[in-house]
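Written as structure tokens, this is what we have:
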């Protein structure tokens, strides 16, 4: 049920209310359900809806909610296999959640004035092809399992969480995002997806997977972890990244990756994992890296590896290649723990292995070294099982010392 509180000038002119929204409308019980266009039409005279709006599971092919510019509560379309189009020419603000889930025939969402939502969650909109939005303010955005080719109209400058996954036709994503407080997750979208974040400076955590191009040239700080798994890009560069505060950096299973460059990175708060990137022949892109708060695991088919500024590794250090890296091992041997004959720059277990045919198989944070020629110092046991968790954030006592 809808309760309308009219402005005094319109209290005697009910017909004008339908033409010029002037009322605040309160949904009885805080929530109203729309099951038809006639239901939606009842709100055409409302400037604001106090409460939440639910588009019911039996709402028909097209629903137009024009009239209200603000919904103070949630706007939800759930479990509807009938509706094809949802629109409003006036809606600018959703104070709560804008949620659409399991709406399997929805083709278009046309809300050209919508600028602000608390959260936006779209899931299993398996036919959604086009959107017209203007969202620049949201705490969280999650878009998954749609047919969208573009996310134009979802362009925030700061956000807590941004999750874009399983949108099979999405091939480009460009955002004005400058900071992110929790997690950026982009994975399992369209083949050839290009991601461009030219203004991103600060981020808490990010997971990037199945992406063909990724660019964040302004990124200066990662507060947590940055993970790049199973991507298709050939080169990665973070020209302005100076530190990760508490988390890891990892590159795993990026089959075309041939160059990794962190020219000004000085500190990794957690661990460093680079494994099974079979085209990566050199690990020389960390010229200023001084300190790693967790463990290091480097596995692949590289011929060169160098960290010329490295002074402090708080966890284990495991490097193994299918190629002959005996010269590399000789350099790292000098930084092994003191009980393995080194200077102690590496505080955890140290191992360096050449000609290991299985070097690309172990991409986990723990594991056993098998095969190959080891360059462990005299106190290192050949064939030793490395059971030290390789990332500080996992919480292994002794290796989680703050830098």
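Numbering (our numbering), first residue to last: 937 to 1339. Note that beta-carbon positions come from the ideal geometry of N, C-alpha and C, so glycine has one too.
- For residue 1041, the closest of 998, 1002 and 1006 by C-alpha to C-alpha distance is 998.
- Comparing C-alpha distances from residue 1126 to each of 996, 1139, 1108 and 1199 shows the shortest one belongs to 1108.
- Relative to the Cα of residue 1162, the nearest Cα in the group 1148, 1065, 1206 and 1200 belongs to 1206.
- Restricting attention to beta strand (DSSP E) runs no shorter than 3 residues, the segment 1229-1275 encloses them at 1232-1236 and 1253-1257, ordered along the chain.
- Inter-residue distance for residue 1134 and residue 1142 is about 15 angstroms (C-alpha atoms, whole angstroms).
- Annotation note: the segment 1019-1063 contains the following uninterrupted beta strand (DSSP E) runs of length 3 or greater, listed N- to C-terminal: 1021-1023, 1029-1037, 1044-1046 and 1052-1061.
- For residue 967, the uninterrupted beta strand (DSSP E) segment begins and ends at 959-970.
- For residue 1268, the CB contacts under 6 angstroms within the same chain, skipping 5 residues up- and downstream, are 1288 in chain order.
- Rounded to whole angstroms, the gap between the alpha carbons of residue 1211 and residue 1155 is 23 angstroms.
- Under the three-state reduction of DSSP output, residue 976 falls in the helix class.
- Out of 1053, 1089 and 1002, the CA that lies nearest to the CA of residue 1112 is found in 1089.
- In this structure, residue 1152 lies away from residue 1116, with their beta-carbon atoms at least 8 angstroms apart.
- According to the DSSP assignment, residue 1290 belongs to the beta strand (DSSP E) that extends over 1286-1290.
- In the three-state DSSP reduction, residue 1104 falls in the coil class, being neither helix nor strand.
- Each of 1150, 1144, 1149 and 1177 was checked against the Cα of residue 1159, and the nearest Cα belongs to 1177.
- Residue 1281 sits away from residue 1214, with the two beta carbons spaced by 8 angstroms or more.
- If you check the CB distance, residue 1103 and residue 1079 come in under 8 angstroms.
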